[in-house]
Amino acid sequence: MKLGNIEFSEQQFDVVIIGGGGSGLRASLEISKSGLNVAVVSKVFPTRSHTVAAQGGITCAIASADPNDDWRWHMFDTVKGSDYIGDQDAIEYMCSEGPETVFELEHMGLPFSRFENGRIYQRPFGGQSKEYGEGGQAARTCAAADRTGHALLHTLYQANLKTGTNFLNEWFAVDIIKNDSGLISGVSCFDMETGEISIIKCNAIVLATGGAGQVYEQNTTSLICTGDGLGMVLRKDLPLQDMEMWQFHPTGLYGNGSLMTEGCRGEGGYLINSEGKRFMPDYAPKAKDLASRDVVSRCIVQEILAGRGCGDKKDHVLLKIDHLGEEAITKKLPEIREISMTFANVDPIENPIPVVPTCHYMMGGIPTNVNGQVITQDNDGNDSIVNGLYSIGEAANVSVHGANRLGGNSLLDLVVFGRAAGKHINEELSETSSPEVSNTNIEESLETLIRIQETKNGENVFDLRSEMQNIMQNYFGVYRNEDLMKEGTKKLQDVKERSKNIHLRDKSNQFNSERVEVLEYLNLLDIANATAYSALERKESRGAHAREDFPDRDDENWLCHSLFFKNKNKVSKRAVNLKPKNVETFKPKPRIY
Amino acid sequence: MTDKLKLSLYRFDPEKDKRPYMSDYEIPYSSSGNMMVIDAIRKAQELDSTITFRRSCAQGVCGSDGVNMNGQNGLACITPVSKVMTVNRLEVRPLPGLPVIKDLIVDMKPFYDQYEKVKPFLDNDDEVKTGHERLQSPKDREKLDGLYECVLCACCSTSCPSFWWNPEKFVGPAALLQAYRFIADTRDKQKRMRLKKLNDAFSVYRCHGIMNCTSVCPKGLNPSKAINEIKKELRKTG
Chain A
34 MKLGNIEFSE QQFDVVIIGG GGSGLRASLE ISKSGLNVAV VSKVFPTRSH
84 TVAAQGGITC AIASADPNDD WRWHMFDTVK GSDYIGDQDA IEYMCSEGPE
134 TVFELEHMGL PFSRFENGRI YQRPFGGQSK EYGEGGQAAR TCAAADRTGH
184 ALLHTLYQAN LKTGTNFLNE WFAVDIIKND SGLISGVSCF DMETGEISII
234 KCNAIVLATG GAGQVYEQNT TSLICTGDGL GMVLRKDLPL QDMEMWQFHP
284 TGLYGNGSLM TEGCRGEGGY LINSEGKRFM PDYAPKAKDL ASRDVVSRCI
334 VQEILAGRGC GDKKDHVLLK IDHLGEEAIT KKLPEIREIS MTFANVDPIE
384 NPIPVVPTCH YMMGGIPTNV NGQVITQDND GNDSIVNGLY SIGEAANVSV
434 HGANRLGGNS LLDLVVFGRA AGKHINEELS ETSSPEVSNT NIEESLETLI
484 RIQETKNGEN VFDLRSEMQN IMQNYFGVYR NEDLMKEGTK KLQDVKERSK
534 NIHLRDKSNQ FNSERVEVLE YLNLLDIANA TAYSALERKE SRGAHAREDF
584 PDRDDENWLC HSLFFKNKNK VSKRAVNLKP KNVETFKPKP RIY
Chain B
2 MTDKLKLSLY RFDPEKDKRP YMSDYEIPYS SSGNMMVIDA IRKAQELDST
52 ITFRRSCAQG VCGSDGVNMN GQNGLACITP VSKVMTVNRL EVRPLPGLPV
102 IKDLIVDMKP FYDQYEKVKP FLDNDDEVKT GHERLQSPKD REKLDGLYEC
152 VLCACCSTSC PSFWWNPEKF VGPAALLQAY RFIADTRDKQ KRMRLKKLND
202 AFSVYRCHGI MNCTSVCPKG LNPSKAINEI KKELRKTG
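Quick note, the sequences are listed as chains A and B, same order.
Going by our numbering, the first residue of the first sequence is number 34, and it counts up by one from there.
Going by our numbering, the first residue of the second sequence is number 2, and it counts up by one from there.
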């Protein structure tokens, strides 16, 4: 096919899933089993997706470590961890459906570690409790050593090979296509290997594009975590939710950013300052080093600000696990040892690991309901469903993590809502059709791609990206305030202005990695902007959003989601769901660990 | 101490080059730092944005950036420059034995085809009670250690002369490791079928115990041992 100077091919599937990580592959598995024609479009071979990097485990009340465990306790912990802006209907769904989805993974062959009785091994993680916070620390995180994400992603890919899912690997999705009747009708993309542009028509799209940790300079995430689906949604003037909420993991490897799983502390490790003192008990007497991640990250920053940081620059703390002994470390935390030795030249069997809070997870994302259907807000402030458009996993905000995600809940989120979206699509798409797509629709969806292909000179993507990452790091970090964020927003606008003049130097077709980096950067930039405006707007401290100028949580005004629209940088509010179906509401309480 | 690294990269652009060539880049390098090969390649990319290679996690778990560094296969993201360079010089080439598409990017299809051929998924149609996992003793689970951790980077298979010669018929160390991962899994019910499918002159028996696979595996796995285990099983079943 040809349109002006653009050549492209056309394909058709019933359902297109963009992203081949844990959530995308769980959804595709569900859909391909039903007989619908489903394709996964992934910019990397699926097992290279960021899910592979998850270490510690998948949190779920399968009652293995404790036969009396109850999903309602898990729900309580998650609601509390979210600082009460997690939607309680979604959290209820995740925690109650969780056990079945974990058992399914085991049946598919996931090589979980085991207890002596043969059941799945579970370890303690941060923010976990028994009996609604009254029964002490729980051990609820199901693990395959410290490689749970790897094991989960490979298992799901393998299961998809078995069911015969279609894969378009190393294809880059550019934009969603909505036709003239306003229906979701396709996606524009290109084959990275050949540069061939393709319009894929479909009846439903699932955005499973993952997080966008690359907006920050220091992050634990893969280089591919550029929030492409979020960029697509913003360009369709659909909103993003709670984009001020970024999780800084307490233990990113100092100087490198690699994740040191919370499982290190779950297995008995703890943090020490330059005086060699274990400091967490001073801040969280009960949960100590296993307080919630936002809490531990702030404590580390406070230790550093008080001059008790380690190293020449006194800018990090130490994670001590050597007392666990060589056998426990090599059995339960082998990958941690490997990463620490490779990147920090520290063997944790001998010495403590240097760590610092590092951007790790995007709690915010594309707002959806429990079926994964994307939601927007009409002019009267009411929710409205975007038919045919779904989002799941880190890209989505369903919202089970609210203002702070608990460790091990992200893998559960992936499989529970990947499966839910798959089931919903299977029910909804009993009849499929060939959607109408006009030439204007196609041209619109290829606009950016064509624009960058025609640039003659201008700014280079590497410089712009590092400036943006630097601004986000310095102005929208663990602690925030109005003046700082206003200055950061101004600087960001400057970079945004200059980015209009971005120049693609390499115009080749085959495996043009600069083209991909430019498109990814433009997505990141929109996400950074969403974060800046949402963070300025939320005038309170809640979960990961800690403001020096508004140090307290303000339930009267802010027990709600923020919604950001690209058009005019508008931020509005959306109600939090406080009505679970089968249990009583967990009412907001002060969060003490 | 700040110094310069001479990074020599294999270049080939199928749209304009008749044949590949090596191109040198000067990269600032400090011997006191901990620069990985991926960092050096990314620095070169800032100088010349047409340089192409695959990368994702940058911490050795996704398996994207398998390359050949001064003659040795490995993952660029977890290989310190200091470990592979000789007198401040480092040559990076695509993995050997697979067709080069562009620069450091090889066509992984022959590799993935072998992986799919061994049916790398648990096969067990026995009824399982919903609401329960299958039980597996820690001892049985331990049999999977050293097998399931493979990241499919292809460093092993592309360092194997037998795979270079017969990439279509010899399954290769990576896929054989996966084959054994399922043969060894007490939850799998297709052990006999799996072995039967491997029982020909090429699939397994082209392995001549050269053990390049084991010496290059960036995850410290031992495909050679897994292949020997398969051979043992094959002898047992005849």
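We put the CB at the ideal spot given by N, CA and C, even for glycine.
Taking the beta carbon of residue i as the centre, do at least 16 other beta carbons fall within 10 Å, making it buried, or is it exposed?
i      : result
R81/A  : buried
H356/A : exposed
H209/B : exposed
P318/A : exposed
I483/A : exposed
K84/B  : exposed
V74/A  : buried
V528/A : buried
M518/A : buried
CA-CA distance, residue i and residue j?
i      : j      : result
K456/A : I64/A  : 7 angstroms
R513/A : I425/A : 29 angstroms
D224/A : C157/B : 27 angstroms
E229/A : M34/A  : 11 angstroms
S221/A : E149/A : 51 angstroms
D49/B  : G119/A : 45 angstroms
F183/B : L186/A : 16 angstroms
T668/A : E130/A : Residue 668/A is absent from the structure shown; chain A starts at 34 and stops at 626.
L58/A  : R341/A : 45 angstroms
A77/B  : N69/B  : 9 angstroms
I337/A : G397/A : 28 angstroms
G299/A : R156/A : 6 angstroms
L126/A : N615/A : What sits at residue 126/A in the sequence shown is Tyr, not Leu. Going from the Cα of Y126/A to the Cα of N615/A covers about 10 angstroms.
E383/A : Q137/B : 33 angstroms
E27/B  : K5/B   : 6 angstroms
Y30/B  : M36/B  : 8 angstroms
S467/A : S417/A : 25 angstroms
L552/A : E617/A : 45 angstroms
S24/B  : N503/A : 31 angstroms
I102/B : F13/B  : 8 angstroms
D539/A : T51/B  : 6 angstroms
So residue i contacts chain B; which residues on that side make the cut at Cβ distance below 9 angstroms?
i      : result
K606/A : What K606/A touches in chain B: nothing, since even the nearest Cβ is about 36 angstroms away.
I372/A : Q60, G61, V62 and I79
E226/A : I102, K103, I106 and D108
List the residues of chain B that residue i touches, going by C-beta distances under 8 angstroms, in chain order.
i      : result
E139/A : E134 and R135
T80/A  : C63, G64, V152 and L153
A86/A  : C58, Q60, V62 and C63
I535/A : The contacting residues do not exist; I535/A stays about 12 angstroms from chain B at best.
Just checking residue i against the ligand ZN - is the residue's beta carbon closer than 8 angstroms to any of the ligand's heavy atoms?
i     : result
P29/B : The ligand ZN is not part of the structure shown, which contains no ligands of any sort.
Output, in chain order, the set of chain A residues within a Cβ distance shorter than 8 angstroms of residue i.
i      : result
D186/B : G142 and P144
R142/B : P144, F145, S146 and R147
From the DSSP output, which residues share a beta bridge with residue i?
i      : result
C593/A : A608/A
N202/A : S75/A
D4/B   : Y30/B
C343/A : H349/A
Y11/B  : M23/B
Residues of chain A with a CB under 7 angstroms from the CB of residue i: which are they?
i      : result
Y181/B : Those within 7 angstroms of Y181/B in chain A number zero; the least Cβ separation is about 13 angstroms.
L123/B : M141 and G142
E47/B  : F495
V129/B : H140
E117/B : L194
L145/B : P144
Can you name the residues of chain B whose CB is closer than 7 angstroms to the CB of residue i?
i      : result
G151/A : L136, Q137 and S138
S56/A  : Those within 7 angstroms of S56/A in chain B number zero; the least Cβ separation is about 17 angstroms.
Starting from the beta carbon of residue i, find every residue of chain A whose beta carbon is closer than 9 angstroms, and list them in chain order.
i     : result
N35/B : G288, N289, T375, F376, A377 and N378
Y26/B : Going along chain A, no residue has its Cβ under 9 angstroms from Y26/B, so there is no contact; the nearest lies around 15 angstroms.
Chain B contacts from the region 543-561 of chain A (Cβ-Cβ distance under 7 angstroms): Q543, F544, S546 and E547
Which residues, taken in chain order from the region 183-215 of chain A, show a beta carbon closer than 7 angstroms to some beta carbon of chain B? H183, A184, Q191, A192, L194 and K195
Chain A contacts from the region 4-23 of chain B (Cβ-Cβ distance under 9 angstroms): D14, P15, E16 and K17
At a CB distance below 7 angstroms, what residues from the region 255-268 of chain A approach chain B? Give them in sequence order. S255, L256 and I257
Tell me which residues of the region 89-107 of chain B have at least one Cβ-Cβ distance to chain A shorter than 9 angstroms, keeping chain order. Against chain A - using a Cβ distance shorter than 9 angstroms - the residues of the region 89-107 of chain B are I102, K103, D104 and I106.
Of the residues that make up the region 332-360 of chain A, which ones have a beta carbon closer than 8 angstroms to any beta carbon in chain B? none
Contact list for the region 75-88 of chain B against chain A, Cβ threshold 7 angstroms: I79
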